[in-house]
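Residue numbers (my numbering): 235 to 468.
Ideal placement from N, C-alpha and C gives every residue a C-beta, glycine not left out.
The structure appears right after this line, and notes come after that.
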Amino acid sequence: MLSIIIPVYNESANLPVLLKHLMSNAKAPDLLEILVVDGGSTDDTLVLGEKFKATQSINLRLLQSDKGRAKQMNTGAQSATGSILYFLHADSFPPKHFDQYIREQIKNGNPAGCFRMQFNSNHWWLRLASYLTKFSWRASRGGDQSQFITRELFDEIGGDDENYIIYEDNILINELYARNSFVVIQKPIKSSARMYDKFGVWYVQYHFWSIYVKKWMGASAEELHAYYCKKLKK
235 MLSIIIPVYN ESANLPVLLK HLMSNAKAPD LLEILVVDGG STDDTLVLGE
285 KFKATQSINL RLLQSDKGRA KQMNTGAQSA TGSILYFLHA DSFPPKHFDQ
335 YIREQIKNGN PAGCFRMQFN SNHWWLRLAS YLTKFSWRAS RGGDQSQFIT
385 RELFDEIGGD DENYIIYEDN ILINELYARN SFVVIQKPIK SSARMYDKFG
435 VWYVQYHFWS IYVKKWMGAS AEELHAYYCK KLKK
């Protein structure tokens, strides 16, 4: 069983589209369970999730959690029954037969990894950034590429660090790179560039780099969150 864990907050525009995409692009949809973990949405995210569940043949559970992707992902992992966990953003769409590619990597002895990424943008920088995700460099990693990991390894690490409201994906990825337990599947997951569209490519990229550098220089989880709220959460 592959357990897909999707943390959401006000994702009514994306969630039904993503659920339909997952079911139509899975190689073995009967071996999937999908756990949508809501962090207190104020729109129709949960309503639309329930409607999709009622009208489709799908192993879907809708859970609620305190807001924060790390908390939401841990809540999903605790409820998941699969031996493989797959963390996915609501605006990222994995490639056809994504589940088969993940299972093949697990079978080959790779307990964790992601897909390379392709932004839904023609901006030259985002196209370059997308291209660079094909390489195994740590600096090319991010949550938008999704994350698969065996339950055994996830539990060994201790799950996602709930101290981090942002940068939580990177904290888990750092743990995996430290263990030399990471592989990049050379198939593109298509991810939204909506934040870049909203604020501008260079503005967002500058502040993402700033967060990365601040963490490298020892900034706390609280400091990173405060910076993000001031610069990018408007």
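Under the three-state DSSP convention, the category residue i falls into
i, result
"Asp272", "strand"
"Ser444", "helix"
"Glu267", "strand"
"Tyr320", "strand"
"Phe327", "strand"
"Gly392", "coil"
"Ser415", "coil"
"Ala460", "helix"
Best match in the options for proximity to residue i [C-alpha to C-alpha]
i, options, result
"Tyr430", "Ile399, Pro422, Ile423, Gln439", "Gln439"
"Lys261", "Asn404, His331, Trp450", "His331"
"Ile383", "Asn259, Gly316, Gly347", "Gly347"
"Asn328", "Met257, Val242, Tyr401", "Inspection of the sequence shows that residue 328 is occupied by Pro rather than by Asn. Taking only the C-alpha atoms, the option nearest Pro328 is Met257."
"Glu390", "Leu458, Ile445, Arg413, Phe433", "Arg413"
Inter-residue Cα distance where the pair is residue i and residue j
i, j, result
"Gly376", "Tyr365", "14 Å"
"Leu360", "Val435", "8 Å"
"Leu387", "Tyr461", "31 Å"
"Leu253", "Ala373", "30 Å"
"Pro422", "His255", "14 Å"
"Val281", "Asn342", "40 Å"
"Asp272", "Asn248", "13 Å"
"Leu236", "Leu265", "6 Å"
"Ile405", "Glu284", "32 Å"
"Pro263", "Asn244", "26 Å"
Neighbourhood of residue i by C-beta, 7 Å cutoff - its chain only, sequence neighbours within 5 removed
i, result
"Asp378", "His323, Ser326, Met351, Ser425"
"Glu338", "none"
"Ser355", "Ala427, Tyr430"
"Ala311", "Ile239, Leu319, Phe388, Gly393"
Beta-carbon proximity list for residue i, same chain, < 6 Å, skipping 5 on both sides
i, result
"Leu466", "His441"
"Lys287", "Leu294"
Residue i: first and last residue of the uninterrupted beta strand (DSSP E) it sits in
i, result
"Ser364", "Looking at the DSSP string, Ser364 is not in any beta strand (DSSP E); the run it does join, the alpha helix (DSSP H), is 358 to 366."
"Gly310", "Premise fails: Gly310 lies in the alpha helix (DSSP H), 303 to 313, not in any beta strand (DSSP E)."
"Gln298", "294 to 298"
Below-7 Å beta-carbon distance, residue i vs any chain C residue
i, result
"Gly343", "The structure shown contains no chain C; it is built from a single protein chain."
Span of the alpha helix (DSSP H) around residue i
i, result
"Gly283", "279 to 289"
"Gln339", "332 to 341"
"Phe369", "Taken as a continuous stretch (DSSP letters only), Phe369 belongs to no alpha helix (DSSP H), as it is neither H nor E."
Own chain, CB closer than 8 Å to residue i, minus 5 neighbours either side, in chain order
i, result
"Asp278", "Ser246"
"Ser317", "Met235, Thr384, Arg385, Glu386"
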